[in-house]
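128 is the number that the working numbering gives to position 127 of the sequence shown; each next residue is one higher, with no gaps.
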Amino acid sequence: QGQIEILERNHRHYMGEDLDSLSLKELQNLEQQLDTALKRIRSGKNQLMYESISQLQKKEKAILEQNNSLTKKIKEKEKEKEEQKKSTALQVQWEQPSHGPNSSSFLLPQPLPCLNIGDTYQGEAPEMRNELNLTLEPIYSLNLGCFTT
């Protein structure tokens with residue numbers, strides 16, 4: 002019962018109540034107790050903040066590493082896409098015949114249909130030249146089999 006009364010009185014003093022009954026020595030003692038308690042509270046608070054900052058710095062480092070890794074992967078994917086585009090463009094270029102004036106294709110023209118069925122062709126087939134200026138021998142008699150030489 003007596004301890005409860007002492008605790009209640011000390012609590013009121015800590016809350017700033019009933020201070021007029023205290024002597025100067027008791028007030029100084031109360032002030033020192035409050036200062037010590039505040040220092041302990043501030044120290045604990047600072048310790049928690051430092052731990053929190055340390056954890057946040059670790060998280061930041063992990064996120065930065067993850068970000069760098071993802072950036073690297075993105076660059077690799079972009080490089081792969083560019084290489085794939087180039088490869089596809091080259092493949093399309095090789096697959097499609099070009100018929101432009103600067104084309105270097107070596108395609109022969111389609112042979113004309115045989116009009117003289119069963120008759121002998123008396124004239125000479127004109128020489129043909131392709132875009133590389135190479136002379137091509139007449140191929141009509143070889144392809145159609147209806148011209149005789």
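Beta carbons are placed, not taken as given, at the ideal position from N, Cα and C, and that holds for glycine.
Note that the C-beta distance between residue 12 and residue 31 is not below 9 Å.
Inclusion of residue 20 and residue 28 in the CB contact set at 9 Å is warranted, their separation being smaller than that value. Residue 80 and residue 63 have their C-alpha atoms some 26 Å from each other.
One Cα belongs to residue 50, the other to residue 57, and the distance between them is close to 10 Å. Assignment of residue 19 by DSSP, reduced to helix, strand and coil, places it in the coil class. Residue 94 sits in a helix when the DSSP states are folded into three classes.
In the three-state DSSP reduction, residue 2 falls in the coil class, being neither helix nor strand.
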